[in-house]
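Take a look at the structure set out below.
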Amino acid sequence: MNLVRGFVLDKELFDTIESFYGDEAKSKKLFEDLKAMSLEKAQLESEKRSLQFKLDLVARDKKRAVEASQKRVEEAQKLAEDQNLTVETALATVNSSLETVITEKEKLLTAAKQELERVRDERADAEAKPVEVYHNAFVDTPEYQDLAQRLTTIGGE
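Note that the UniProt record's numbering numbers the sequence shown so that position 123 is 123, with each residue one more than the last.
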């Protein structure tokens, strides 16, 4: 049903554009541009949701790190009381551990952002190249060769 409905809406949109311009070639170009922009918007929204998910994971990890740090502070206070150490010494150790955890999580977030940028750059490069060149580049990858070998082995050919 969605395909039929989408086709009807596409046809109505195209007819509206064509009646406005009166030129089928210009109308078709504009219609294709609108469809491409709609697809691009959907892809960007998907990337946004993916990044938000990753940010939520980082926030959750930071929250857990803070909770763990608070637990360490309590343990450090108990240890300080039991062994007559100063609370400041115990807290310095705990704070150092917390800073290390936070630094690691920030590195992971930075790496995730860099990976997203790399994927966007690759997509832009792939869209700029003809499909055949992109396909040939993919066929030459070790991953593709490995997959082809495994499929050949499974298929017995």
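Cβ atoms here follow ideal geometry from the backbone N, Cα and C, with glycine treated the same way.
Predicted model, so just to flag it, every value in this text is computed and none were measured.
Are the CB atoms of residue i and residue j nearer to each other than 7 angstroms?
| i | j | result |
| --- | --- | --- |
| Val58 | Lys105 | yes |
| Ser27 | Glu18 | yes |
With DSSP run on the structure shown, which of helix, strand or coil describes residue i?
| i | result |
| --- | --- |
| Asp23 | coil |
| Thr89 | helix |
| Thr141 | coil |
Return yes when the C-beta of residue i is under 6 angstroms from any heavy atom of the ligand HEM, and no when it is not.
| i | result |
| --- | --- |
| Gln149 | Absence of the ligand HEM is noted for the structure shown, with no ligands found whatsoever. |
Exercise. Per the contact definition of three or more C-beta pairs closer than 8 angstroms, is the segment 95-104 in contact with the segment 59-74?
Worked result: Short answer: they touch.
Exercise. Do three or more CB pairs link the segment 45-58 to the segment 107-126 at distances below 8 angstroms?
Worked result: They touch, by the three-pair rule.
Problem set entry | Completely contained alpha helix (DSSP H) runs for the segment 49-108, where each covers 4 or more residues | Counting whole runs of 4 or more residues, the segment 49-108 contains no alpha helix (DSSP H) stretch at all.
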